[in-house]
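There are 2 protein chains.
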Amino acid sequence: MAVGTPATDKHGVETKVRGPVGQSIPRADAGEKVRGEPVYYGDLTPPNILHGRVLRSPYPHARILGIDTTRAKALPGVAAVATHADIPGIKVLGRMKDQSILCEDKVRFTGDAVALIAAETPAIAAQAMGLIEVQYEVLPAVFSPLEAMRPDAPRLHGGADNVLRHFELYKGDVDDAFTKCDVIVQNTYSTPTIEHAYLEVEGAVANKNADGTVTVWVAAQVPFMARNNVARMLNIPLERVRLINTNAGGAFGGKEDAGFDPSCRAALLAWMTGRPVKLVYDREESMRSSTKRHAAIIEYKTGATKDGRLVAVDITVYLNKGAYSSVGTNMPPAGGLTSKVGYHAAGPYVIPNVRVHAYNVYTNIPAGGAYRGFGVPQMAFAYEQQMDSVAERLGMDPVELRLLNGLEVGARTASNQLLEFSVGLKECIRKASDAAGWKQFHASKAQHGSGKVKKGMGIGSFMFGTAPGLWPEYANATMEIDSTGRILVRTGIVEIGQGPRTVFAQIAAEALDIPLKYVVVSAQGDTAVDQDSVQTTSSRGTMGGGNAVIRAAKEARATLTEMAAHKMGVSPELVVMSHEGFRRTDTNELVSIQDALLYSYECGRRLLGKGYWIVPKPIIDPITGQGNPYHILAYGAQVIEVEVNTETGQVEVRRVMAAQDVGKAINPAAVIGQIQGGVVMGLGSALTEEIVIDKGFVANPSFANFLIPTASDVPEIVPIIVEAPYPNGPFGAKGVGEPGTVATAAAVANAVYDAVGVRIRQLPITAERVWKALQEKAADEKRTGATGI
Amino acid sequence: MAVGTPATDKHGVETKVRGPVGQSIPRADAGEKVRGEPVYYGDLTPPNILHGRVLRSPYPHARILGIDTTRAKALPGVAAVATHADIPGIKVLGRMKDQSILCEDKVRFTGDAVALIAAETPAIAAQAMGLIEVQYEVLPAVFSPLEAMRPDAPRLHGGADNVLRHFELYKGDVDDAFTKCDVIVQNTYSTPTIEHAYLEVEGAVANKNADGTVTVWVAAQVPFMARNNVARMLNIPLERVRLINTNAGGAFGGKEDAGFDPSCRAALLAWMTGRPVKLVYDREESMRSSTKRHAAIIEYKTGATKDGRLVAVDITVYLNKGAYSSVGTNMPPAGGLTSKVGYHAAGPYVIPNVRVHAYNVYTNIPAGGAYRGFGVPQMAFAYEQQMDSVAERLGMDPVELRLLNGLEVGARTASNQLLEFSVGLKECIRKASDAAGWKQFHASKAQHGSGKVKKGMGIGSFMFGTAPGLWPEYANATMEIDSTGRILVRTGIVEIGQGPRTVFAQIAAEALDIPLKYVVVSAQGDTAVDQDSVQTTSSRGTMGGGNAVIRAAKEARATLTEMAAHKMGVSPELVVMSHEGFRRTDTNELVSIQDALLYSYECGRRLLGKGYWIVPKPIIDPITGQGNPYHILAYGAQVIEVEVNTETGQVEVRRVMAAQDVGKAINPAAVIGQIQGGVVMGLGSALTEEIVIDKGFVANPSFANFLIPTASDVPEIVPIIVEAPYPNGPFGAKGVGEPGTVATAAAVANAVYDAVGVRIRQLPITAERVWKALQEKAADEKRTGATGI
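Residue numbers (this note's numbering), protein chains in the order written: chain A, -5 to 783; chain B, -5 to 783.
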């Protein structure tokens, strides 16, 4: 199918738009949020609630010799003290179930959970913490992947080594190809552990109901998986646990593990006490114990011909897994973070020879988990600086080099995946650089500023598999009439700030061909009433959920037509549905949409339709990694202008031109919001964010010393929406959420180099690092007599 | 469509059977029940529960001048005391919402609820009851409908009179027709208030959840209506209340109002306290306050020609409504008990001239409500004795008279409804009388016994509209794969002892054409996860729910075929479903049922299908009552042999031949169980059961003085299943539950007359009444010189 031609896809999905799709409808929850109405798990404080606390390991690696809870249990006001022995069922949680709900034999990071307390007040719970006596035998610990890969390194999880996952990708003959390159650039990059820094810390409220079922309220991107964790922990049927996703006060991938972990722990305490339990981690506890973006060390070698064609890349990545697997491991056939890092390592370019080794290695620090971008921003930081270095060596314009090598329809990726449609990369590169005035800027070096502040402009481009790469990859939707007489759409895709209540309402109204006012969307994620749509991750929500909504709409239209015909006393074949209602073709009699909905409700026909969407299973060669891990990729480019103070090294970002190929912007305002958020998050990682881990301890567990951008730090951002329709997406849409953050740090690094001629290959690009690099450069120039740019 | 020809009906329902339908599959819950596993609301006693109590009126009719709860609230251990002022929303409950949840201005029967208490222990709650001070002004009260219809009678609910509902039915010219009759029989009959006498008393457990939603556990035949009552009482959206129907320890219609009443009261206390509340009425409280079978006074005039043709009936019925409407009122177009009484008043006979007045009149006694048979047993007690009296006057055999006048295909009922199919009446009459040896018995008077004990044999036959007559009349079903990999069928039809878990599993397996082991049925009635199927009443469950299940199966087959094809990587058109699995028509490759289910579950396609059933709206003339109130009727006949002790008047029932036309016995053993239960319940009403109401007080509120049959009272019962298939029912089935009890008392009365020649026109037929009638008969004979039979 030709790209750019909206049409009916092979699944029968209509991509032609005439209703609310494509309009910047205000968010369905905007008013509620302004008025402070949405309910977060932290708002739930029913009478008789108990307050939970987690006793955590003070050591990064230690054997547990004994736990004495006698004194804690005896403290008045303590309702329960739980250790591993109190867990009736499976004692581990997470996707791969390698993380102890409560540690039994040993602890693996400072913050690992050892015991739980439920008490009448938070103060009593805190006091009881001090009364639990744990005997530890401290073990040697490892904190970096290179250290942990040494043969004599202590093992976290037994086994032959600490490598959780070694992903390999092979295409062409890399060693031979390098012998034919005119230019070879080889560098090492590193990115630190960073924190999601969502405003809402992890926690949950749980209750054992009168009938022995359990309800958990939690902000979870993975409601069904978290439900399953809880049920298996309690050794009861899955259906006896109801997990209700509350509004998330920020997620960014972090509410994946934060769905499992506090849910299980709060549920265990509720199970033991029969009372509602609220468990809230405080900020310091959260930053010491929650999952983080994986730190990475990236060894990158790039070869090209003198006319600018990329020939080969050889990449080795060491990811700091931390203590538990979380999303890092293999999820067949091509899922998990290690694979995603590997598949995105070469960037959005046509490269005939590719070799990637990606190691994800256990260490005694908090676990790396899902974080917006899922490993790809780390890779972009490397490959986009490599591109600029190659361009510099060849004397080419960086934009021209990217346009020359960039992916397009008909091209093949590093895993040899043929791109049949929807490749907006080059349009993004052109639009972002045009909007920035790239040519004019670089035409005159004078523009780069005078005096101590130098201006620079850099580009970062990217591709992003907008899907998890695992399988089965599906989504569900149902449509029912609610007690207000509107069509309630449920998808199992949850609200994490990205706006499913608005976007799915638009898709539903468009597919139903009825006014938007008749549609309302629940994005609560309630395992009792929603169908499972796997997870709200991987920028898959709108794409997957939207496809399911379109399919549900088809059934719902037929059902409503049948009921309107029933109301008129004629056969449904005699009735056609239109925007105004249901019309008899013979007499023109009309039943309005509202009357049809009311009639159907009164007649008890409330479940109008269900929709289901699944992608073909990726086919992956187990040896070479070759295949089609992602059914669709998003693309984008950001051009960033910075000012660098040569005396202090301080980098100020002035403008960000952020172009992103989203297939189809269902709601342009929402897409712009995602792009803006992605850029700001990217700027934080570029300039300031670093979790400092000192011998396994998180040394800066607060927003006073882990610095995220504030509103005053946000530069001018120019979002540019590019639409290369994905024919299998809802009205052409593909993923939007994560891509906006992928190339920001890379573009900043390139802009800094453009401004002051120093290349910072370690994130964050702090004033100190720039200043130091400038000093070294000056010293070099003095020594060699060379002059700077 | 010809009766007796199983075929595909006009809705496309397959009535041909090759699987488990028609087999006496053991009940799905048999083992669980034997092992004591099912959970009743009374089993739910979570920690921290509060115990509720209801303060009830000691007067049958009184004005409330004031309620002082100060002292009760001050009692330590009392968590809440509620009066009408504490209700946030609608303060009345029930179908017609005329019953105060807590009385505000006045009380209308001894037992009317005035205040609620929630306390830490039942003892404290009981103590607090004595501390609530209510000032009453006692009002004059009325206890019988005739009294209540007097112009000067005190009004219960204001208005022009106490008549809740006056139903009228007119056919032909009754007055003129009587002038042409050769025989006219005119009598008055009366039946008392009786009690359902379910083992499980009314009650509920409620909780306000951490998120402010409310959950109620209760045995409710009307889960969605009860949910709506609770939500409206609390003034919150319907969806914020979840009502979970627990197993019912007997229902028989009584768990309709018992679904509304304790649910609202327990929920109000939970709402006020934020804690789980358990409210259980004790037996005495239950018998004083719960709904009962309506007492009736029936004036019946029957006319016939000398050749035995029925010509006219003129019937006036006075029903004792009690204090609140419950199900007694008009439910359009033809629902409610008063209408049902009216439509069934003429019996299952062809009668060209019919006049019925049925008055349902408010009195100051506990409300009449739904009770197995829904007013029809009262009418059968009258019309079947009328039939025997006509037969005697004509010198005809009672069976012959019934066969001569009985309804059959092509005939029209008293409301002129044309019976197009499924009329098994005459087959029932023949089979029951043949099984009893009717002809032989009546051929020889000698058989009637010698000495003081006389034998007699009587017949009672009936029709029964197996549907509520109200509209919309619908049912829903869903099929999903549960976590055990089986197909979970939900219908919203609840378990009240009738066996939906077994019967729907049979229907589902039959319609899916898969082995029974893959199907499991939830009959819990959970408003969060079930679709609304209105109510489990009116003998409609199997018929309505079964039809919805068949429709859901059609979708589920298509879905599973699609997923099996997906697994094989081919188009669904290439795959056919059979009993073994899913087979590719080109290669014969097979995916087993189990593999298809597992694959579909893993792929997240768990909601397989939904089914919906609705009947055409009855068309009723508002003046004459003529029309088609019931889309289908069931029929039956019972022949009963009794022995009457002429010295004591004691009646012993020896044998009951119970023939019932059920359309199709989905599970013959379950049908037999229903027939047996119906007969025993009918025998209780025939011989012993009467709620004695003395100036508004229930004088016998215990099983020590309200006598129900015990196991040792059960005679030989010969169930005879007749199948006149209902082409619009599931595999031909129609209602089974209630009909078995309809004609039992009538047949006993006729048998008593056959034995000893006295006609008891007042239920129950106690030894005292028979003895007294025998004394009067003997005195008459002495006076007139006539001899007895």
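Glycine included, each C-beta is placed from N, C-alpha and C at the ideal position.
Since we're looking at a predicted model, the values are computed, not measured.
Any Cβ of chain A within less than 8 Å of the Cβ of residue i?
{"i": "R599 of chain B", "result": "yes"}
{"i": "D526 of chain B", "result": "yes"}
{"i": "I608 of chain B", "result": "yes"}
{"i": "V33 of chain B", "result": "yes"}
{"i": "F172 of chain B", "result": "no"}
Residues of chain B with CB under 7 Å from residue i, in chain order?
{"i": "A204 of chain A", "result": "L38, P40, V199, N201, W211 and P270"}
Please decide whether residue i counts as near chain B, where near means a Cβ-Cβ distance under 8 Å.
{"i": "E750 of chain A", "result": "Note on residue identity: the sequence assigns Val, not Glu, to residue 750 of chain A. It does not; no Cβ of chain B falls within 8 Å."}
{"i": "S784 of chain A", "result": "With chain A covering -5 to 783 only, the question about residue 784 of chain A has no answer from this structure."}
{"i": "A522 of chain A", "result": "yes"}
Can you give me the C-alpha to C-alpha distance between residue i and residue j, rounded to a whole angstrom?
{"i": "S706 of chain B", "j": "A430 of chain B", "result": "22 Å"}
{"i": "E637 of chain B", "j": "L304 of chain B", "result": "31 Å"}
{"i": "V746 of chain A", "j": "F254 of chain A", "result": "41 Å"}
{"i": "A652 of chain A", "j": "G672 of chain A", "result": "10 Å"}
{"i": "A385 of chain A", "j": "A298 of chain A", "result": "10 Å"}
{"i": "V179 of chain B", "j": "K295 of chain B", "result": "6 Å"}
{"i": "A73 of chain B", "j": "V274 of chain A", "result": "29 Å"}
{"i": "V483 of chain A", "j": "M266 of chain A", "result": "36 Å"}
{"i": "G459 of chain A", "j": "Q525 of chain A", "result": "25 Å"}
{"i": "L768 of chain A", "j": "F375 of chain A", "result": "20 Å"}
{"i": "V543 of chain B", "j": "E131 of chain B", "result": "55 Å"}
{"i": "G540 of chain B", "j": "E504 of chain A", "result": "35 Å"}
{"i": "R777 of chain A", "j": "R753 of chain A", "result": "19 Å"}
So which residues of chain A does residue i contact, with C-beta pairs closer than 9 Å?
{"i": "Y468 of chain B", "result": "C597, G598 and R599"}
Listing by chain order, which chain A residues have their CB less than 8 Å from the CB of residue i?
{"i": "E250 of chain B", "result": "Correct list: empty, because the minimum Cβ distance to chain A is about 17 Å."}
{"i": "K604 of chain B", "result": "L601 and K604"}
Who pairs with residue i in a beta bridge, going by DSSP?
{"i": "V235 of chain B", "result": "B:V208"}
{"i": "W607 of chain B", "result": "B:A469"}
{"i": "H351 of chain A", "result": "A:E162 and A:T310"}
{"i": "V633 of chain A", "result": "A:I453 and A:M651"}
{"i": "R484 of chain B", "result": "B:T472 and B:S516"}
Give me the chain B residues within the contact set of residue i, using Cβ-Cβ distance strictly less than 9 Å, ordered along the chain.
{"i": "S477 of chain A", "result": "N222, A225, P231, L232 and E233"}
Over what stretch of residues does the beta strand (DSSP E) that includes residue i continue unbroken?
{"i": "P713 of chain A", "result": "E710 to V716"}
{"i": "T786 of chain B", "result": "For chain B, the structure presents residues -5 to 783; residue 786 of chain B sits outside this window and is missing."}
{"i": "Q654 of chain B", "result": "V645 to D655"}
{"i": "T185 of chain B", "result": "V177 to T185"}
Interface residues of chain B around residue i at Cβ under 8 Å?
{"i": "I238 of chain A", "result": "D205"}
{"i": "K511 of chain A", "result": "In chain order: nothing, as chain B lies at least about 18 Å away."}
In terms of residues, what are the limits of the alpha helix (DSSP H) holding residue i?
{"i": "S333 of chain A", "result": "L331 to H338"}
{"i": "W432 of chain A", "result": "W432 to A437"}
{"i": "S586 of chain A", "result": "Run containing S586 of chain A: none in the alpha helix (DSSP H); it sits in the beta strand (DSSP E), L584 to S586."}
Kindly examine the ligand NAD and report whether one of its heavy atoms sits closer than 7 Å to the Cβ of residue i.
{"i": "F172 of chain B", "result": "This structure lacks the ligand NAD; in fact it carries no ligand of any kind."}
Does residue i get closer than 8 Å to chain C when you measure Cβ to Cβ?
{"i": "F375 of chain B", "result": "This model lacks chain C altogether, as its protein chains are A and B."}
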